[in-house]
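*Asks:*
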Amino acid sequence: MMAEHDGYRWQNDIKVLFDTIVAMFSKFSNGDENAIAKSRKMKRDMRNAYGGDILYLSAKPDYSDQLRRWTYIYTYLPRHVHLVYAALCTADTPELKESLKKLKEQPIVCCVGGGPNCDALGLCIFLKKVGCKGTLTKEVCVLDEYDDWRHTWADMKQQSPEGDQSWMPETEWVKCNLVKPFTDDSAEKLKKADIITVVKSLSSVAASSEETVKEICDRIMKMMKSNALLLFIDNAKSNAGELLLEARRELNGSSHKLVLHEEVMTANLTSSRRDIYSDEAEALIEYMEDQPVLKAGDNEMILIHRFE
18 MMAEHDGYRW QNDIKVLFDT IVAMFSKFSN GDENAIAKSR KMKRDMRNAY GGDILYLSAK
78 PDYSDQLRRW TYIYTYLPRH VHLVYAALCT ADTPELKESL KKLKEQPIVC CVGGGPNCDA
138 LGLCIFLKKV GCKGTLTKEV CVLDEYDDWR HTWADMKQQS PEGDQSWMPE TEWVKCNLVK
198 PFTDDSAEKL KKADIITVVK SLSSVAASSE ETVKEICDRI MKMMKSNALL LFIDNAKSNA
258 GELLLEARRE LNGSSHKLVL HEEVMTANLT SSRRDIYSDE AEALIEYMED QPVLKAGDNE
318 MILIHRFE
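Residue numbering for the sequence shown follows the numbering used here, starting at 18 and increasing by one per position.
1) Give the DSSP bridge partners of Thr127, in chain order.
2) Using three-state DSSP, classify Gly151 as helix, strand or coil.
3) If I'm right that Arg265 touches Ile321 with Cβ under 8 angstroms, what's the distance once you round it to whole angstroms?
4) Could you please give the first and the last residue of the uninterrupted alpha helix (DSSP H) stretch that includes Arg61?
5) Using the beta-carbon count (16 or more within 10 Å), is Arg323 buried or exposed?
6) Output yes if chain C places a C-beta closer than 8 angstroms to the C-beta of Cys135; else output no.
7) Assess, as a yes-or-no matter, whether the segment 308-321 is touched by the segment 49-57 under the definition of 3 or more beta carbon pairs within less than 8 angstroms.
8) For Leu277 and Thr110, which I take to be in contact (beta-carbon distance under 8 angstroms), what is that distance rounded to the nearest angstrom?
9) Based on the DSSP output, what are the partners of Glu317 in its beta bridges?
10) Decide if the segment 80-94 is in contact with the segment 151-171; the criterion is three or more beta carbon pairs, one per stretch, under 8 angstroms apart.
11) By alpha-carbon positions, which one of Tyr91, Phe45 and Met41 ends up nearest to Met63?
12) I'd like the list of long-range same chain contacts for Val222, defined as Cβ closer than 8 angstroms, with 5 residues on each side in sequence excluded.
13) Please tell me whether Trp27 and Ile212 are closer than 8 angstroms, where the distance is taken between their beta carbons.
14) Spatial neighbours of Glu263 within its chain, please: CB distance less than 7 angstroms, with the 5 preceding and 5 following residues excluded, ordered by chain position.
15) Return the first residue and the last residue of the alpha helix (DSSP H) that Val101 is part of.
16) Could you pull out every residue in the same chain whose Cβ sits closer than 6 angstroms to the Cβ of Gln176, ignoring the five residues on either side in sequence?
17) Would you list, in sequence order, the uninterrupted beta strand (DSSP E) runs of no fewer than 3 residues that lie entirely inside the segment 174-248?
18) Rounded to the nearest angstrom, how far is the Cβ of Cys127 from that of Lys206, given a contact under 8 angstroms?
19) Have a look at Ile319 and Thr283 and give me their C-alpha separation to the nearest angstrom.
20) Which same chain residues, not among the five before or five after Asp23, have their C-beta less than 8 angstroms away from its C-beta?
21) Going along the chain, which residues of its own chain have a beta-carbon closer than 7 angstroms to the beta-carbon of Trp170, five neighbours each way excluded?
22) Compute the distance between the beta-carbons of Pro95 and Leu144, then report whether it is under 8 angstroms.
23) Distance check for Phe199 and Gly130, CA to CA, integer angstroms please.
24) Which residue marks the beginning of the alpha helix (DSSP H) containing Asn29, and which one marks its end?
25) If distances are taken between C-alpha atoms only, which option among Lys242, Met185, Lys192 and Ser225 comes closest to Lys209?
26) Excluding the 5 residues preceding and the 5 following Asp202 in the sequence, name in chain order all residues of the same chain whose CB lies nearer than 6 angstroms to its CB.
27) I need the straight-line Cα distance from Ile53 to Tyr102, nearest angstrom please.
28) Suppose the cutoff is 6 angstroms on Cβ atoms and the five residues either side in sequence are ignored; what does the same chain contact list for Pro178 look like?
29) According to DSSP, simplified to helix, strand and coil, what is Leu144?
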């Protein structure tokens, strides 16, 4: 499972994903100048809301709107997918290899606050890199306040080239408000998961309530099954990572939850534009008068393995 794939280029996958985003916009906007103008404004609002990469809950955009969802994936999806991929490459240690070997060939994945499913895409690209065979993820569930993201995912799969759909996993969305106790449905998904991702989900909560973050982390870790992995990534300026580790230390049975890797990392998407943008993508970027955000800044990555 863990043999390195010679010559694998993650840039090719990012290019395919971004071409899919371009095709989605061409389909539903139909060249409407008003849609372009609205998207530009939405993008400016998002950049303001996500200023410093820490989003305050009061400023969170409403992703029930199709154009706003598209604007988000245009602006942030390539960076987010690469960040998850790069984080796992950074932690590609003998301990991680051993942990991954204990998982099924088709791991069940649960993405907490996973929005448009960027976490799973980054995970899939990493598993391709290390030579995982077959369908990369049998079952993915995204816990998010906006389950409308499922429509965006369906559109992405529909617009993707047929040969590239095989590594875009079947995914379901379950409505979940992180600051409230998990519903039975959300809890069941967490308990089944082989891999849980919490990426860019907790810093906004930490900015409002540190105690709430610890409660969320406590609930997630209590639900981790034997041999499950938890991948956490968030802005290094936030104390969300510190709160996660504090919650782990205070948890009964914390000795069974081993921190495999902890690091502050910078993973900017720095490949040449030609590596990740096709001619069609370049044309849309010029039309939008602004390119996607490629700088990820400093992020804290923590990988926890539960063993018993």
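Just so it is clear, CB atoms sit at the ideal spot from N, CA and C, and this is done for glycine as well.
Predicted model only: the values in this text are computed from it and were never measured.
*Replies:* By the coordinates alone:
1) The sequence shown places Cys at residue 127, rather than the Thr named in the question. Cys127 pairs with Cys158 and Ile213.
2) Because the pLDDT at Gly151 is just 49, under 50, the model does not fix this residue reliably, and the point stays unresolved.
3) 7 angstroms
4) Glu50 to Ala66
5) buried
6) Absent from the structure: chain C. Only one protein chain is present.
7) no
8) 7 angstroms
9) Asp251 and Val281
10) yes
11) Tyr91
12) Leu74, Leu195, Val196, Thr229, Val230, Ile233 and Ala257
13) no
14) Lys231
15) Gln83 to Thr107
16) Thr37, Ala40 and Met41
17) 188-192 and 212-216
18) 5 angstroms
19) 14 angstroms
20) For Asp23, the predicted model reports a pLDDT of 45, less than 50, meaning its position is unreliable; a value from the coordinates is still stated below. None.
21) Pro133, Asn134 and Thr188
22) no
23) 12 angstroms
24) Trp27 to Ser46
25) Lys242
26) Val191
27) 30 angstroms
28) none
29) helix
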